[in-house]
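**Student:** Below you will find the structure I want to go over with you.
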Amino acid sequence: MVMKKLLLETIALTTSAMLFAEPPEKGDIINTEFGPVSIAGDWRKHWTLSAETESPEEGMLEVSLQLKTIAGEAPLPKLTLSWSIPQHDIQYRWHTAFGGAGTIPPDWSGAVGSSLSGHSPILVLFGNDGMNRLTFCVSDAIRKVEFKAGVCEETNELSCSASLFTQPESPAEQCRVVLRFDRRKQTYAEAVQSASRWFEKFPENRPLPAPEAAFEPFYSPWYSYHHKIFADELEKECALAVQYGMKGLLVDGGWYADDDKRGCDFWGDGEVSKLRFPDMRGHVARIHALGMKYVMWFGLPFIGYHSKAFQRFQGKFINDVPFLECSSLDPRFPEVREYLIGVCERMLREWDIDGFKFDFIDKFQWNGEDPAIRENYAGRDIRSLPLAVDHLLFTMTERLRKIKKDILIEFRQPYIGPSIRKYGNMFRVTDCPGDSVTNRVGSVNLRLTSGATAVHSDMLEWHMETSAEDAARQLLAVLFAVPQISVKLENLPETHRKMLKFYLDFMIRHRETLLKGKFVPLAPEARYPQIRAEKDGETVIAVYGKNQIVELPETGCCCLFNATAEPALYVNSVSGFRGRAFDVCGESAGSEEAFAGGLLKLPVPVSGMFELKINKESK
Numbered sequence: 005m006v007m008k009k010l011l012l013e014t015i016a017l018t019t020s021a022m023l024f025a026e027p028p029e030k031g032d033i034i035n036t037e038f039g040p041v042s043i044a045g046d047w048r049k050h051w052t053l054s055a056e057t058e059s060p061e062e063g064m065l066e067v068s069l070q071l072k073t074i075a076g077e078a079p080l081p082k083l084t085l086s087w088s089i090p091q092h093d094i095q096y097r098w099h100t101a102f103g104g105a106g107t108i109p110p111d112w113s114g115a116v117g118s119s120l121s122g123h124s125p126i127l128v129l130f131g132n133d134g135m136n137r138l139t140f141c142v143s144d145a146i147r148k149v150e151f152k153a154g155v156c157e158e159t160n161e162l163s164c165s166a167s168l169f170t171q172p173e174s175p176a177e178q179c180r181v182v183l184r185f186d187r188r189k190q191t192y193a194e195a196v197q198s199a200s201r202w203f204e205k206f207p208e209n210r211p212l213p214a215p216e217a218a219f220e221p222f223y224s225p226w227y228s229y230h231h232k233i234f235a236d237e238l239e240k241e242c243a244l245a246v247q248y249g250m251k252g253l254l255v256d257g258g259w260y261a262d263d264d265k266r267g268c269d270f271w272g273d274g275e276v277s278k279l280r281f282p283d284m285r286g287h288v289a290r291i292h293a294l295g296m297k298y299v300m301w302f303g304l305p306f307i308g309y310h311s312k313a314f315q316r317f318q319g320k321f322i323n324d325v326p327f328l329e330c331s332s333l334d335p336r337f338p339e340v341r342e343y344l345i346g347v348c349e350r351m352l353r354e355w356d357i358d359g360f361k362f363d364f365i366d367k368f369q370w371n372g373e374d375p376a377i378r379e380n381y382a383g384r385d386i387r388s389l390p391l392a393v394d395h396l397l398f399t400m401t402e403r404l405r406k407i408k409k410d411i412l413i414e415f416r417q418p419y420i421g422p423s424i425r426k427y428g429n430m431f432r433v434t435d436c437p438g439d440s441v442t443n444r445v446g447s448v449n450l451r452l453t454s455g456a457t458a459v460h461s462d463m464l465e466w467h468m469e470t471s472a473e474d475a476a477r478q479l480l481a482v483l484f485a486v487p488q489i490s491v492k493l494e495n496l497p498e499t500h501r502k503m504l505k506f507y508l509d510f511m512i513r514h515r516e517t518l519l520k521g522k523f524v525p526l527a528p529e530a531r532y533p534q535i536r537a538e539k540d541g542e543t544v545i546a547v548y549g550k551n552q553i554v555e556l557p558e559t560g561c562c563c564l565f566n567a568t569a570e571p572a573l574y575v576n577s578v579s580g581f582r583g584r585a586f587d588v589c590g591e592s593a594g595s596e597e598a599f600a601g602g603l604l605k606l607p608v609p610v611s612g613m614f615e616l617k618i619n620k621e622s623k
């Protein structure tokens, strides 16, 4: 391990022995074994900037920047770190905001970003072989970070940069940020997973443990009922849900208002609609008696125009959200944070629920000018908005866990970054009703970046008149995530019932492999046409793309799922194997057969499964 420490002076450094110099229009230079890294920004008037470089192992570099004010407090200065690398065979880039992976744009294209409320500060550059060429990430997962990686037309090099403190920030005295480079020979997926483990090492990103209940299938009435939910109907649906193995209920919006509007005009008091839930505690107890956990939606920033609390918080809103008929609170006010935490504490105690889905974290923002600046931060004990949101969520989690230690807390894309993991233990794919592709891609992206945090699908729905094979594609898309089912179970046709029972039984029985095993999603540039999970001699493979060749494991048991439109899959095996096919309802589609090794076209029903055991001795 090699470490170097230097101080960026407020004047140009020209001595050749120094690590920093100041070429015209490029700023200060850090010379590393990866090449020069330029630092540009206007910090010299109020700040000193020092840097440490560390090489934890071959192929890795960490650049640690330490900012300290010269006197008193000052706004954090915008900094941009820039470097270039030959393009060679780099063809793609991966980021949590992409639908898999994107191609390399020109260097004048826009940046991709991350913040507390949106995505992860990770960018991966990789080749046609799916192998990592350069992965870089920034330790600050709270403030906004902007990444660029584009082709310079003149040199065919990739111009890369990471911009810090790009949004107005309140004054501070010091700040530390680490930029991590990884050029090790590994797959793009391994590079992302390594970066995610790196984030966990920082105390400010220590993940909240996920109890086993977070990995059980859930029922959600959002797509099936929207706001038209009533306690008695939910209880009937849940009585059916448990027969399929669902052990969690997530009640989304609609529980707080008598009307059926999708807005939040009556939101903010933490009071349930007596019309819909006349005995809330008794209702929760009846759901618990079925063996299910109870999680409730909570639009964290919002206070509705018609709520009791709206007038109380006049002057403490950060922006207005007219299309939802509500305003967003400013969490920099201590009384705002205390109110929101207090409402959740009361709901948890009075109703005995098991957790919350905290939504719309991205609406903690201002439009145009920050009103706090105009008011000279009057009444606000925290001047930084992202730090105030972080403080709110962390304090919320700590206090709720004192009431119920194994509380379940869900967040959905895009607020799924390393910092969110310290106060959430369930991450859900963004809203994508009926869109199995987006659900697949979203769940894979979450699996790669979420470590031991439970990853949930968006709610699954399908038309009652579609085929069982078509309906099964919704489940196949999220085979490697926790499913949330959102169809009216009492209306399911018989083939759909059998299909749902088969798939959920499989997902429950093989949970350790599917959710906690080695996770290998292939070809992100093609939106993951083949995904596999491996653990303890068991392999589960799902194929989504036409004419994919599946490399079977050399030994052990394997379950192969056909999510294509063709009744066959191509497999390559170094050993012989025995197995049989099952249809979409889990019924045998033929007798067990023996197959020789080599390249084979294996008959597998559409939306069905082939279960096989490798005979390693037979080659």
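Residue numbering for the sequence shown follows the numbering used here, starting at 5 and increasing by one per position.
Heads up, the beta-carbon is just placed ideally off N, CA and C, and yes, glycines get one too.
Everything numeric in this text was worked out from a predicted model, so none of it was measured.
If I follow the unbroken beta strand (DSSP E) through A585, where does it start and stop?
**Tutor:** Translated into the one-based positions of the sequence shown, residue 585 becomes position 581. First-last of the beta strand (DSSP E) with A585: 580-586.
**Student:** What residue range does the alpha helix (DSSP H) around Q171 cover?
**Tutor:** By 1-based counting over the sequence shown, the position of residue 171 is 167. Element bounds for Q171: n/a, residue is neither H nor E.
**Student:** Could you pull out every residue in the same chain whose Cβ sits closer than 6 Å to the Cβ of L508, ignoring the five residues on either side in sequence?
**Tutor:** The sequence position of residue 508 within the sequence shown is 504, counting from 1. Taken in chain order, the residues that qualify are P221, Y248, G249.
**Student:** Under the rule that 16 or more other beta-carbon atoms within 10 Å means buried, what is A569, buried or exposed?
**Tutor:** Taking the first residue of the sequence shown as 1, we reach residue 569 at position 565. A569 should be labelled exposed.
**Student:** Which term fits T159, buried or exposed, when burial requires 16 or more other beta carbons within 10 angstroms of its beta carbon?
**Tutor:** The residue labelled residue 159 in the question sits at position 155 within the sequence shown. Label assigned to T159: exposed.
**Student:** How far does the alpha helix (DSSP H) with F625 in it reach, from first residue to last?
**Tutor:** Not covered by the structure: residue 625. The range shown for the chain is 5 to 623.
**Student:** Inspect the beta-carbon positions of D93 and K152 and report whether they are closer than 9 Å.
**Tutor:** Numbered from 1 along the sequence shown, position 89 holds the residue referred to as residue 93. Numbered from 1 along the sequence shown, position 148 holds the residue referred to as residue 152. No; because the gap between Cβ atoms is not below 9 Å, this pair is not in contact.
**Student:** Using CA coordinates, which residue listed in D385, R513, G104, S119 is at the minimum distance from I535?
**Tutor:** Along the sequence shown, one-based indexing puts residue 535 at 531. Minimum Cα distance to I535 is reached at G104.
**Student:** Is it right to say I322 is buried, meaning 16 or more other beta carbons lie within 10 angstroms of its own, or is it exposed?
**Tutor:** For the purposes of this step, residue 322 is taken as the residue at position 318 of the sequence shown. Buried, since its Cβ has 16 or more Cβ neighbours within 10 Å.
**Student:** Taking the alpha carbon of N449 as the point to measure from, which residue in V524, Q488, A176 has its own alpha carbon closest?
**Tutor:** Residue numbering aside, residue 449 sits at position 445 when the sequence shown is read from its first letter. Taking only the C-alpha atoms, the option nearest N449 is V524.
**Student:** Can you tell me the Cβ-Cβ gap for W202 and R184, rounded? I've got them flagged as a contact below 8 Å.
**Tutor:** Here the question's residue 202 lines up with position 198 in the sequence shown. Here the question's residue 184 lines up with position 180 in the sequence shown. Contact flag correct, Cβ pair sits at about 6 Å.
**Student:** Run the CB neighbour count on D385, radius 10 Å, all protein chains shown included, and call it buried at 16 or more, exposed below.
**Tutor:** The residue given as residue 385 occupies position 381 in the sequence shown. Exposed, by the Cβ-count rule.
**Student:** What are the boundary residues of the alpha helix (DSSP H) that R350 is part of?
**Tutor:** The residue labelled residue 350 in the question sits at position 346 within the sequence shown. Run containing R350: 338-355, per the alpha helix (DSSP H) assignment.
**Student:** Taking only the alpha-carbon atoms, compute the straight-line gap between K251 and L504 and give it to the nearest angstrom.
**Tutor:** The sequence position of residue 251 within the sequence shown is 247, counting from 1. The sequence position of residue 504 within the sequence shown is 500, counting from 1. Using only the alpha carbons, I get a separation of about 15 Å.
**Student:** Measure the CB-CB distance between N429 and I407 and report whether it falls below 9 Å.
**Tutor:** Numbered from 1 along the sequence shown, position 425 holds the residue referred to as residue 429. Numbered from 1 along the sequence shown, position 403 holds the residue referred to as residue 407. No, they are not a contact pair.
**Student:** Taking the alpha-carbon of E173 as reference, which of L389, A546, N551 has the nearest alpha-carbon?
**Tutor:** Indexing the sequence shown from 1 puts residue 173 at position 169. The residue with the shortest Cα to Cα distance from E173 is L389.
**Student:** Rounded C-beta distance between V67 and A55? I'm assuming under 8 Å.
**Tutor:** Looking up residue 67 in the sequence shown gives position 63. Looking up residue 55 in the sequence shown gives position 51. Indeed they touch by this definition, with Cβ atoms about 6 Å apart.
**Student:** What residues in its chain sit with their C-beta under 6 Å from that of C589, if we drop five residues either side in the sequence?
**Tutor:** On the sequence shown, position 585 is the one that residue 589 refers to. Excluding sequence neighbours, C589 sits near K502, M503, F506.
**Student:** Can you give me the C-alpha to C-alpha distance between S440 and D462, rounded to a whole angstrom?
**Tutor:** What you label residue 440 is simply residue 436 of the sequence shown in a count that begins at 1. What you label residue 462 is simply residue 458 of the sequence shown in a count that begins at 1. Computed Cα separation, rounded: 9 Å.
**Student:** Leaving out the 5 sequence neighbours to the left and right, which residues in its chain are closer than 6 Å to C164 when beta-carbon positions are compared?
**Tutor:** Locating residue 164 in the sequence shown gives position 160, counting from the first residue. Here the set comprises W87, A153.
**Student:** Would you report the Cα separation of S471 and A572, rounded to the nearest angstrom?
**Tutor:** Numbered from its first residue, the sequence shown carries residue 471 at position 467. Numbered from its first residue, the sequence shown carries residue 572 at position 568. Answer to the nearest angstrom: the Cα atoms are 18 Å apart.
**Student:** Of all the alpha helix (DSSP H) runs that stay within the bounds of the region 271-328, which reach a length of 4 or more residues?
**Tutor:** 284-293, all fully within the region 271-328.
**Student:** Unbroken beta strand (DSSP E) runs of length 3 or more, entirely within the region 515-569: which are they?
**Tutor:** Segments of the beta strand (DSSP E) lying fully in the region 515-569: 522-526, 534-539, 542-547, 553-555, 560-566.
**Student:** Report the start-end ranges of each alpha helix (DSSP H) in the region 411-468 that is 4 residues or longer and not cut off at the edges.
**Tutor:** Qualifying alpha helix (DSSP H) stretches, in chain order: 440-453.
**Student:** Mind listing, in chain order, the continuous beta strand (DSSP E) runs of no fewer than 3 residues lying wholly within the region 59-102?
**Tutor:** Within the region 59-102, the complete beta strand (DSSP E) runs of at least 3 residues are 64-73, 83-90, 94-98.
**Student:** Could I get the ranges of all uninterrupted beta strand (DSSP E) runs contained in the region 178-213, with 3 residues as the minimum, in chain order?
**Tutor:** Complete beta strand (DSSP E) runs here, min 3: 178-186.
**Student:** Do you know offhand how far K30's Cα is from L83's?
**Tutor:** Indexing the sequence shown from 1 puts residue 30 at position 26. Indexing the sequence shown from 1 puts residue 83 at position 79. Interpretation of K30 is limited by its pLDDT of 46, a score under 50 that renders its predicted location unreliable; the figure taken from the coordinates is listed afterwards. Those two C-alpha atoms are separated by around 12 Å.
**Student:** Mapping the DSSP letters down to three states, classify M613 as helix, strand or coil.
**Tutor:** Your numbering for residue 613 matches position 609 in the sequence shown. Strand.
**Student:** How about A456 and K520: do their beta carbons lie closer than 9 Å?
**Tutor:** As a working mapping, residue 456 is identified with position 452 in the sequence shown. As a working mapping, residue 520 is identified with position 516 in the sequence shown. Yes, these two residues count as a Cβ contact at 9 Å.
**Student:** Going straight from the alpha carbon of V6 to that of E37, what length do you get?
**Tutor:** For the purposes of this step, residue 6 is identified with residue 2 of the sequence shown, where counting begins at 1. For the purposes of this step, residue 37 is identified with residue 33 of the sequence shown, where counting begins at 1. Since pLDDT at V6 reaches only 47, below the 50 mark, its modelled position is unreliable, and the value read off the structure follows with that caveat. Between V6 and E37, the C-alpha separation is close to 11 Å.
**Student:** Which same chain residues end up closer than 7 Å to V181 when comparing Cβ atoms and leaving out the 5 residues on each side of it in sequence?
**Tutor:** Taking the sequence shown and counting its residues from 1, the one referred to as residue 181 is at position 177. L69, V142, S143, D144, L168, listed in sequence order.
**Student:** Provide the residue(s) that pair with A153 in DSSP beta bridges, ordered along the chain.
**Tutor:** Numbered from its first residue, the sequence shown carries residue 153 at position 149. Partner(s): C164.
**Student:** Whose C-beta lies closer than 6 Å to the C-beta of F130 among residues of the same chain, with five residues either side of it excluded?
**Tutor:** In the sequence shown, counting from the first residue as 1, residue 130 sits at position 126. Excluding positions up to five away in sequence, the list reads Y96, N136, R137, Y192.
**Student:** For P28 and S42, I'd like the C-alpha separation in whole angstroms.
**Tutor:** Translated into the one-based positions of the sequence shown, residue 28 becomes position 24. Translated into the one-based positions of the sequence shown, residue 42 becomes position 38. Caution is warranted here: a pLDDT of 29 is assigned to P28, below 50, making its placement in the model unreliable, and the coordinate value is therefore given only provisionally. Near 11 Å, if we compare the C-alpha coordinates of S42 and P28.
**Student:** If we call anything under 9 Å between Cβ atoms a contact, is A567 one with L480?
**Tutor:** As a working note, residue 567 is residue 563 in the sequence shown. As a working note, residue 480 is residue 476 in the sequence shown. Closer than 9 Å, so yes.
**Student:** Less than 9 Å between the beta carbons of I365 and P422, yes or no?
**Tutor:** Translated into the one-based positions of the sequence shown, residue 365 becomes position 361. Translated into the one-based positions of the sequence shown, residue 422 becomes position 418. Not a contact, by the Cβ cut-off of 9 Å.
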